Amino acid sequence: MPETIDPIYITAHTATSALGHGLAEHLEVLRMERSGLRENDFSREPLTCAIGRVIGLEQRPLPEAYAAYECRNNRLAWLGIEADGFLDQARAAIGRYGADRVALLVATSTSSIGATEEAYARLEDGHFPENLRRSPIHTPHSLGIFLEHALGTRGPCLTTATACSSSAKIFATAERMIRLGIVDAAILAGVDSLCGSVLFGFNSLELVAPEPCRPFDVRRRGISIGEAAGFALVEREVSKTSPKLIGWGESSDAHHMSTPHPEGLGARLALEGALTRAGIAATDVDYINLHGTATTKNDEVEAGVVSAAFNARTRASSTKGWSGHTLGAAGILESVICLLVMEHGLIPGTLNCEQPDPVCGPQLALRNESADVRIALTNSFGFGGSNCTLAFACGGRS
Amino acid sequence: MSMSALDIRIEGIGFWAPGWPNWQAARAGLRGDLQADPAVIKPSPDVLVAAERRRAPLAVLLACDVAAQACADSGRNADTLASVFASTHGDLVITDYMCSTLAIAPRELSPIKFHNSVHNAPAGYWTIAAHCHAASTSISSWHSTFAVALFEAAVQANADQLPVLLAAYDADSPSPLNEVSPASSIYGVAMVVAPARDHEASLRLRFNAPVRPSASMHLPRAFADMAGSNPMAAQSLPLLAALASARPHILQLNAGLQSTLGIEVCT
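Each protein sequence line maps, in turn, to chains A and B. Using this note's numbering, the first residue of the first sequence is number 329, and each one after it goes up by one. Using this note's numbering, the first residue of the second sequence is number 6, and each one after it goes up by one.
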């Protein structure tokens with residue numbers, strides 16, 4: 329059994345997704361119960377489905393100094409990092425602690441493979457076109473190379489790429505490094521952008537819904553793919569007003585590459601790890617942001633785990649009806665949503681869910697509710713059976 | 006400001022490269038005592054069931070082979086070990102398949118190749134084969150992947166006081182991807198590392214600390230060729246050469262755009 333951990337403090341955070349640019353736009357769209365999903369207009373021969381697209385990336389090239397890293401995913405990262413003054417706060421932390429004492433932990437599932445896809449579509453005599461012959465954008469660490477250059481951190485810098493659990497797991501990585509005194513702070517970034525690989529890839533597995541995704545609804549037909557950039561600055565230093573990460577749990581299903589363990593064994597182990605490290609019981613949890621992708625299997629298994637482990641007082645919902653499934657960015661986007669939930673007492677409903685699957689427990693919130701939320705969890709599960717649950721507590725309380 | 010040192014004990018090592026099927030052979034080769042075995046051309050890990058050994062991508066075979074070797078060498082049960090899988094570029098053969106299919110016939114993409122395209126595919130196959138429910142991560146840090154992955158494994162081992170399996174590998178890179186991500190051979194190394202107190206440490210790791218590296222070790226021709234043709238070989242062979250020599254040694258590896266990892270080999 330893992331031991332209880334000391335919390336780490338989240339002193340800045342932001343998100344950019346189909347809901348909008350920054351925290352205020354996310355809160356507004358959540359309050360309005362207005363989906364950010366739209367008809368797929370992404371690729372040249374688009375599949376019939378909905379997507380969660382960040383508008384305007386095409387008109388926002390990277391600053392000249394970063395031209396070597398130009399690609400959709402890094403554009404989305406740069407758009408996202410400038411929201412809510414995050415870039416300034418990250419740079420201030422680097423100045424305060426020293427570049428050596430700040431880790432840069434990034435997460436993505438497909439990184440900038442969109443640029444590699446484009447190179448293959450425009451091969452010249454079998455070679456990459458000149459303007460895409462740039463090594464840093466054709467490798468999984470593209471996002472990390474770009475941000476490490478732009479921010480100038482000198483602490484450990486790595487990309488975690490465990491599919492859809494990626495950007496939840498970097499919170500655990502940060503907590504371990506801070507606990508051991510390796511660094512005093514970590515800048516966390518989760519960025520995934522629309523690309524052919526994920527649209528046609530999930531389509532090949534028959535996991536893409538033809539209409540906007542309907543998490544936990546009996547008629548759900550699969551995911552809607554979205555894109556997002558989420559950022560968090562985490563620090564060891566006690567700050568009474570900041571929300572905090574109080575627990576995390578990671579596990580492997582050891583079952584199948586692309587379907588969850590039928591009894592949710594890995595999901596249960598991740599949940600138990602998070603509760604144990606936080607030193608809390610399931611009854612202490614006020615809200616859970618579910619993985620809730622709207623695939624038949626994920627929602628069935630996750631609903632079973634939640635209804636067995638929690639009583640009716642705990643509220644739970646999936647926000648993928650707003651954002652789509654933002655894959656490697658989902659963990660941090662939904663962590664940011666948990667922080668909004670705790671700050672504003674707004675529990676988002678499960679948008680597009682009208683007839684909940686009978687396996688769902690009484691925890692599932694269908695429409696928005698208001699409540700005092702002190703402890704919130706988020707679930708992230710990925711291909712390869714990679715699971716992560718995070719536990720957050722609001723600021724000003726123990 | 007320098008960071009505190011992380012001490013780890015290496016409990017087991019796995020190795021695979023063409024001609025060199027395990028660490029015992031590679032260690033002898035690095036000492037100049039053994040030649041490559043030309044019959045060793047493809048990894049074939051027993052840990053995978055026969056059907057998967059036939060179908061699984063080369064990167065998966067490579068990672069599972071070295072991971073299983075390191076576990077066996079350590080005497081630890083594979084089903085309880087947390088793991089860190091690391092690759093510079095991931096599976097470029099699948100990246101090439103995905104991108105060329107998307108360019109021609111996107112609706113014909115293979116679902117199995119798609120789920121094999123995730124960076125954590127080898128970790129997924131490994132945890133399934135080993136019946137392991139422990140935490141597993143899959144990382145990259147470009148040309149610093151090995152140093153950063155070793156450091157991350159050491160962080161995990163010390164944070165939770167548990168042994169951790171590290172598997173680092175790169176498969177080869179097909180054309181035209183090899184113009185931007187060159188790799189013309191396949192290579193994998195794995196270690197089981199555990200937290201260590203002063204006197205039992207095999208390695209002492211320091212991030213960005215000023216260290217005075219020992220004179221670099223001579224790599225026999227076969228290993229110099231590996232380092233020239235595979236990014237993970239280039240990143241990890243300096244440490245493996247020091248371990249093979251079984252003499253105290255200090256190395257400094259690139260660990261980021263402006264960062265280094267100091268490694269004191271204490272054996």
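For each residue, glycine too, the CB sits at the ideal point set by N, CA and C. Small disclaimer: the values here were computed from a predicted structure and weren't measured.
Inset, instruction - Please list the segments of the alpha helix (DSSP H) lying wholly inside the stretch 85-109 of chain B, counting only runs of 4 or more residues, in order along the chain. - result: 97-109
Inset, instruction - Have a look at A556(A), L415(A), L375(A) and E446(A) and flag the residue whose alpha-carbon is nearest the alpha-carbon of H349(A). - result: A556(A)
Legend entry - I332(A) - containing beta strand (DSSP E), residue span: It should be noted that the sequence gives Thr, not Ile, for residue 332(A). Note, T332(A): premise wrong, no beta strand (DSSP E); not H, not E.
Legend entry - Proximity below 8 angstroms, CB of I553(A) to CB of V526(A): yes
Inset, instruction - Under 8 angstroms by Cβ, that's how I've got G19(B) and V45(B) pegged, so tell me the actual separation to the nearest angstrom. - result: Contact flag wrong, Cβ pair sits at about 14 angstroms.
Inset, instruction - Note down the Cα distance separating L53(B) from C377(A), rounded to an integer number of angstroms. - result: 37 angstroms
Inset, instruction - Counting only runs of 4+ residues fully inside the stretch 505-590 of chain A, write out the alpha helix (DSSP H) ranges in chain order. - result: 524-532
Legend entry - Beta carbon of E16(B) nearer than 8 angstroms to that of V216(B): no
Inset, instruction - Check whether the Cβ of C485(A) lies closer than 8 angstroms to any Cβ atom in chain B. - result: yes
Inset, instruction - Check whether the Cβ atoms of A631(A) and G689(A) lie closer than 8 angstroms to each other. - result: yes
Legend entry - Run of the beta strand (DSSP E) containing Y192(B), from where it starts to where it stops: Y192 to P200
Legend entry - Alpha-carbon spacing of R564(A) relative to P50(B), whole angstroms: 43 angstroms
Inset, instruction - Determine the extent of the beta strand (DSSP E) in which H138(B) is found, giving its start and end residues. - result: Premise fails: H138(B) is in no beta strand (DSSP E) and is neither H nor E.
Inset, instruction - Determine, using beta carbons only, whether V434(A) and T501(A) come nearer to each other than 8 angstroms. - result: no
Inset, instruction - Name, going along the chain, the residues of the stretch 333-366 of chain A whose beta-carbon falls closer than 7 angstroms to a beta-carbon of chain B. - result: none
Legend entry - Residue of M505(A), A449(A) and M360(A) minimising C-alpha distance to V430(A): M505(A)
Legend entry - Per-residue DSSP class, three states only, for N235(B): coil
Inset, instruction - Select from Q166(B), I268(B), A229(B) and C271(B) the residue whose C-alpha is nearest the C-alpha of R3(B). - result: As shown, chain B starts at 6 and ends at 272. That puts residue 3(B) outside it, with no answer to give.
Inset, instruction - Report back the beta-carbon spacing between A251(B) and T272(B) to the nearest angstrom; my notes put them in contact at under 8 angstroms. - result: 6 angstroms
Legend entry - Buried or exposed (CB count within 10 angstroms, at least 16 for buried), A247(B): buried
Inset, instruction - For the stretch 566-577 of chain A, enumerate the residues whose C-beta is nearer than 9 angstroms to any C-beta of chain B, in chain order. - result: G577
Legend entry - Distance between I473(A) and K568(A) (C-alpha atoms, nearest Å): 34 angstroms
Inset, instruction - Using a Cβ-Cβ cut-off of 8 angstroms, state whether I473(A) counts as contacting chain B. - result: yes
Inset, instruction - Whole angstroms is fine: what's the gap from W650(A)'s alpha carbon to F414(A)'s? - result: 23 angstroms
Legend entry - Alpha carbon of V89(B) to alpha carbon of T611(A), nearest angstrom: 33 angstroms
Inset, instruction - Return the bridge partner residues of R209(B) from the DSSP annotation. - result: D12(B) and E269(B)
Inset, instruction - Please determine, among S579(A), Y397(A) and T339(A), the residue with the shortest C-alpha to C-alpha distance to G712(A). - result: S579(A)
Inset, instruction - Find the residues of chain A that neighbour D70(B), judging by a C-beta separation of less than 8 angstroms, and give them in chain order. - result: Those within 8 angstroms of D70(B) in chain A number zero; the least Cβ separation is about 18 angstroms.
Legend entry - Neighbourhood of G95(B) by C-beta, 6 angstroms cutoff - its chain only, sequence neighbours within 5 removed: H124
Legend entry - First and last residue of the uninterrupted alpha helix (DSSP H) at Q417(A): F414 to Y425
Inset, instruction - Would you verify that the beta carbon of M237(B) is, or is not, closer than 8 angstroms to some beta carbon of chain A? - result: no
Legend entry - Limits of the unbroken alpha helix (DSSP H) element including T604(A): L593 to A606
Legend entry - P179(B) beta carbon less than 8 angstroms from that of L97(B): yes
Inset, instruction - Taking only the alpha-carbon atoms, compute the straight-line gap between N531(A) and P374(A) and give it to the nearest angstrom. - result: 11 angstroms
Legend entry - Pair within 8 angstroms by beta-carbon distance, R548(A) and A622(A): yes
Inset, instruction - Determine the burial state of Q691(A): buried for a count of at least 16 other Cβ atoms within 10 Å of its Cβ, exposed for fewer. - result: buried
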